[in-house]
Amino acid sequence: MTATHIEATSERIETTLVGVVAAKEIRDARRSKWFWMWTAAFAALAAVMASVALPGSQVAGYGSFGKTAASLVALAQIIIPLMGLTLGAYSIAGQRENGALRFLMSHPISRSEVFLGTYVGLAVALAGTVFGGFGIAGLITVAQGGGANATSFVRIAVLSWLLAISMLGFGMLISTFARRANTALGVAIFLWLGLAFLGDLGVMGTSVATNIPTWGLLASAVMNPVEAFRLASLTAFSGSLDVLGPAGRYAVDALGDSLGWWLFTIAAAWAVIPVTIALARFSRGSDV
Amino acid sequence: MITIERLTKRYGRATVVSDFSVDIADGESIALWGPNGAGKTTVVRCILGLVRYEGTIIIGGLDARTHGKAVRRAMGYVPQELSFYDEMTVFDLLDYSAALRDIPTERVSEVADVVKVGEHLHKKVRELSGGLKQRLGIAAALLPDPPILLLDEPTSNLDAKSRDAAIELLQGLRDEGRTLVVTSHHVEEMAMLVDRVVAMERGEITTICDPSDVAEVLGLRAWLHLVLTNGSAPRALDVLSASGFTAKLNGRGVLVEVSAQDKGEAVAALQRAGVSIKDLEVWR
Numbered sequence: 001m002t003a004t005h006i007e008a009t010s011e012r013i014e015t016t017l018v019g020v021v022a023a024k025e026i027r028d029a030r031r032s033k034w035f036w037m038w039t040a041a042f043a044a045l046a047a048v049m050a051s052v053a054l055p056g057s058q059v060a061g062y063g064s065f066g067k068t069a070a071s072l073v074a075l076a077q078i079i080i081p082l083m084g085l086t087l088g089a090y091s092i093a094g095q096r097e098n099g100a101l102r103f104l105m106s107h108p109i110s111r112s113e114v115f116l117g118t119y120v121g122l123a124v125a126l127a128g129t130v131f132g133g134f135g136i137a138g139l140i141t142v143a144q145g146g147g148a149n150a151t152s153f154v155r156i157a158v159l160s161w162l163l164a165i166s167m168l169g170f171g172m173l174i175s176t177f178a179r180r181a182n183t184a185l186g187v188a189i190f191l192w193l194g195l196a197f198l199g200d201l202g203v204m205g206t207s208v209a210t211n212i213p214t215w216g217l218l219a220s221a222v223m224n225p226v227e228a229f230r231l232a233s234l235t236a237f238s239g240s241l242d243v244l245g246p247a248g249r250y251a252v253d254a255l256g257d258s259l260g261w262w263l264f265t266i267a268a269a270w271a272v273i274p275v276t277i278a279l280a281r282f283s284r285g286s287d288v
Numbered sequence: 001m002i003t004i005e006r007l008t009k010r011y012g013r014a015t016v017v018s019d020f021s022v023d024i025a026d027g028e029s030i031a032l033w034g035p036n037g038a039g040k041t042t043v044v045r046c047i048l049g050l051v052r053y054e055g056t057i058i059i060g061g062l063d064a065r066t067h068g069k070a071v072r073r074a075m076g077y078v079p080q081e082l083s084f085y086d087e088m089t090v091f092d093l094l095d096y097s098a099a100l101r102d103i104p105t106e107r108v109s110e111v112a113d114v115v116k117v118g119e120h121l122h123k124k125v126r127e128l129s130g131g132l133k134q135r136l137g138i139a140a141a142l143l144p145d146p147p148i149l150l151l152d153e154p155t156s157n158l159d160a161k162s163r164d165a166a167i168e169l170l171q172g173l174r175d176e177g178r179t180l181v182v183t184s185h186h187v188e189e190m191a192m193l194v195d196r197v198v199a200m201e202r203g204e205i206t207t208i209c210d211p212s213d214v215a216e217v218l219g220l221r222a223w224l225h226l227v228l229t230n231g232s233a234p235r236a237l238d239v240l241s242a243s244g245f246t247a248k249l250n251g252r253g254v255l256v257e258v259s260a261q262d263k264g265e266a267v268a269a270l271q272r273a274g275v276s277i278k279d280l281e282v283w284r
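The listed protein sequences derive, respectively, from chains A and B. Everything in the first sequence is counted per the numbering used here, starting at 1 for the first residue and increasing by one. Everything in the second sequence is counted per the numbering used here, starting at 1 for the first residue and increasing by one.
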């Protein structure tokens with residue numbers, strides 16, 4: 001039993017190892033009371049929204065699923081960012097703090113594999129929560145006689161998951177900087193406040209105080225991933241962006257039918273950007 | 001063979017390991033000894049590639065910096081304390097570790113039996129005693145049957161009985177021809193376990209010596225706790241003071257400060273003066 005000569009092996013990313021870490025993250029999420037609490041809260045609120053939204057659908061002018069979807073967008077843009085950000089923020093920092101990350105990385109696994117496995121596992125777990133909530137809302141809607149606009153409803157569910165993994169990426173980016181889990185969680189909650197509430201107010205305030213051109217207002221709105229999700233979702237079931245006033249009308253005029261796909265692409269880009277930066281930072285080799 | 005050359009690790013402005021160089025032969029077991037903050041754990045973390053460092057670490061002919069995965073395949077690591085994965089069962093933790101090394105699940109039961117945690121496989125990690133957690137850490141490290149074992153303070157959180165059992169287990173692993181790198185601040189354990197002691201202080205090597213010489217070379221002092229018959233403590237204090245020892249009362253006995261070489265002299269001085277000793281213990 002000697003180590004005179006160790007055979008050099010590939011240091012490339014192995015999908016099997018990513019899968020092993022991801023599977024553990026999914027198992028941990030299933031065992032976590034916090035995760036079930038989030039899932040139950042989202043599912044319960046989605047069910048309530050679906051129950052109360054349908055009777056008013058004729059008043060609002062949207063067909064069946066449309067009214068439910070509008071309510072779920074309002075719910076999702078508050079709850080999902082908080083869920084994704086806190087899960088992501090705790091992921092790396094929590095493991096670093098309790099020593100689990102050191103134990104994990106004492107195995108023949110690279111930093112990139114650890115990071116990607118954690119991300120994929122949490123993204124799958126979030127898919128369960130998001131699609132579970134939308135699924136319950138959808139079943140209630142169908143049971144109450146609604147059924148039109150189902151495609152838009154599914155599209156909004158997918159957008160909600162993109163928002164969830166975007167926030168997960170932001171959370172994990174915070175996690176790569178923080179030495180302590182509580183610090184990471186604190187920063188994540190501040191970011192949630194900024195993205196879910198203050199960002200929208202900032203855009204509105206800026207547009208009032210300055211003579212920002214209409215295209216500038218639209219661009220500054222989609223700079224906020226939560227707002228990008230909201231606009232993409234609203235476009236998905238209403239086809240218009242009246243909530244943005246002149247900027248919305250400008251967008252519809254300028255982009256026409258492709259507006260929905262543009263906004264979907266921007267929301268998808270927001271799902272990729274933060275996690276890519278976080279992966280690059282973690283893989284560069286900071287101490288664990 | 002592990003070759004460490006001019007290893008230096010800095011955290012901000014603080015240098016925690018400085019210019020550390022040592023060669024470790026195949027099958028050799030060495031101890032990194034020193035007080036808390038000496039830098040021993042940091043050396044182990046550098047070997048594992050858990051932290052960035054300056055200098056070179058070559059393991060089995062490969063640079064640990066550029067071939068991290070390959071060299072970690074040849075190493076098992078036992079952390080100071082398994083204070084995580086509390087909600088996992090012993091089996092699940094070992095199975096997870098095995099999956100990360102692409103080792104079949106059947107190996108889990110095999111290794112669990114070797115380190116005597118086989119009957120606890122379905123317990124949660126948080127339900128284990130300190131000694132069993134230590135054994136679980138060793139079991140995880142042994143899954144790939146690695147030629148190199150890195151052990152970070154393997155006995156620090158154990159009671160005397162568990163410590164003896166852990167030392168016996170580690171002696172067995174050493175006798176199988178594995179290379180052992182152990183961090184510890186217990187001199188007496190190292191004498192039983194390792195071939196060489198690398199003594200460290202403030203991140204630097206102060207000396208490298210045979211384990212039996214470490215106490216003498218480093219001028220280590222200890223306290224001898226003597227339990228005496230009723231009423232003989234004052235007389236013992238007088239005798240020890242007259243013989244040049246520093247001593248003080250402690251319950252029904254006395255504490256005597258001794259060097260590594262004169263523990264017997266303190267006892268002999270008391271016996272010559274007719275003070276009978278019921279029991280004794282060495283405190284470090």
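Where a beta carbon is used, it is the ideal one built from N, C-alpha and C, also for glycine. Bear in mind the structure is a predicted one, so any value in this text is a computation, not a measurement.
| Item | Value |
| --- | --- |
| May I ask you to report which of helix, strand or coil DSSP gives Ala-178/A? | coil |
| Taking 8 Å as the cut-off, does the region 66 to 77 of chain B touch the region 212 to 227 of chain B (at least 3 CB pairs, one atom from each stretch)? | no |
| Can you round the beta-carbon distance between Ala-8/A and Leu-193/B to whole angstroms, since I take them to be within the 8 Å contact cut? | Between Leu-193/B and Ala-8/A the Cβ distance is about 31 Å, and since that is not below 8 Å, they are no contact. |
| I'd like to know whether the C-beta atoms of Ile-79/A and Phe-42/A end up nearer to each other than 8 Å. | yes |
| The region 68 to 88 of chain A: which residues have C-beta closer than 7 Å to a C-beta of chain B, in chain order? | none |
| Nearest-angstrom Cα distance between Thr-229/B and Gly-251/B? | 12 Å |
| Compare the beta carbon distance of Leu-162/A and Ala-40/A with 8 Å and say whether it is the shorter of the two. | no |
| Does the structure place the region 94 to 102 of chain B close enough to the region 156 to 174 of chain B that three or more beta carbon pairs sit under 8 Å? | no |
| Do you know whose CA, among Ala-76/A, Ala-268/A, Ser-220/A, His-107/A, lies nearest Leu-149/B's CA? | His-107/A |
| Evaluate contact between the region 258 to 270 of chain A and the region 23 to 38 of chain B, counting only Cβ atoms and requiring at least three cross-stretch pairs below 8 Å. | no |
| Is it buried or exposed for Gln-80/B, if we count other Cβ within 10 angstroms and need 16 for buried? | buried |
| When the cut-off is 8 Å and only beta carbons count, does Leu-228/B lie next to chain A? | no |
| Do we get a CB-CB distance below 8 Å when we pair Met-105/A with the residues of chain B? | yes |
| Using a C-beta cutoff of 8 Å, does Gly-172/B count as contacting chain A? | no |
| Check the Cβ of Leu-234/A against every Cβ in chain B and list those closer than 9 Å, keeping chain order. | Going along chain B, no residue has its Cβ under 9 Å from Leu-234/A, so there is no contact; the nearest lies around 41 Å. |
| First and last residue of the alpha helix (DSSP H) that includes Ser-109/B? | 106 to 114 |
| Would you tell me roughly how many angstroms separate the C-alpha atoms of Ala-247/B and Glu-216/B, rounded to the nearest one? | 21 Å |
| Please identify the residue among Phe-103/A, Met-83/A, Val-120/A, Glu-227/A whose C-alpha is closest to the C-alpha of Leu-198/A. | Glu-227/A |
| Going by the beta-carbon positions, is the gap between Met-1/B and Gly-60/B smaller than 8 Å? | yes |
| Using a Cβ-Cβ distance under 8 Å, would Leu-121/B count as near chain A? | no |
| Near Gly-137/B, what residues of its chain come up, given a Cβ to Cβ distance below 7 Å and the 5 sequence neighbours on each side ignored? | Val-78, Pro-79, Leu-82 |
| Give the straight-line distance between the Cα atoms of Val-59/A and Val-114/A, rounded to the nearest whole angstrom. | Residue confidence for Val-59/A is low, a pLDDT of 42 falling below 50, so the modelled location carries little weight and cannot support an answer. |
| Below 9 Å between beta carbons is the criterion; list the residues of the region 213 to 243 of chain B that meet it against any residue of chain A, in chain order. | none |
| For the region 27 to 59 of chain B, which residues have a beta carbon sitting closer than 8 Å to at least one beta carbon of chain A? | Gly-27, Arg-45, Leu-48, Gly-49, Leu-50, Val-51, Arg-52, Ile-59 |
| Please report the distance separating the alpha-carbon of Ala-82/A from that of Trp-192/A. | Note that residue 82/A is Leu in the sequence shown, not Ala. Approximately 6 Å, taken between the alpha carbons. |
| So who's on the other strand from His-225/B, going by DSSP bridges? | Leu-255/B, Glu-281/B |
| For the alpha helix (DSSP H) holding Tyr-96/B, just list the boundary residues, first then last. | 90 to 100 |
| List the DSSP bridge partners of Val-182/B. | Ala-31/B, Leu-151/B |
| Pull up the DSSP beta-bridge partners for Ile-165/A, would you. | Answer by DSSP bridge pairing: none, since Ile-165/A is not bridged. |
| Alpha carbon to alpha carbon, what distance is there between Lys-9/B and His-120/B? | 39 Å |
| Mind checking which residues open and close the alpha helix (DSSP H) that includes Arg-30/A? | 15 to 31 |
| For Ala-236/A versus Arg-111/A, is the C-beta spacing smaller than 8 Å? | no |
| So, is Met-37/A buried or exposed, given that buried needs 16 or more other C-beta atoms within 10 angstroms? | exposed |
| Applying the 10 Å Cβ sphere with the 16-neighbour rule, what's the burial state of Tyr-62/A? | Residue placement at Tyr-62/A cannot be trusted, given a pLDDT of 47 that sits under 50; what the coordinates show is reported in the next sentence. Buried: at least 16 other Cβ atoms inside 10 Å. |
| Starting from Ile-6/A, find everything on chain B with Cβ-Cβ shorter than 7 Å and list it in chain order. | Ile-59, Gly-60, Gly-61, Leu-62, Ala-70, Val-71, Ala-74 |
| Starting from Phe-84/B, find everything on chain A with Cβ-Cβ shorter than 8 Å and list it in chain order. | Gln-95, Asn-98, Gly-99, Ala-100, Phe-103 |
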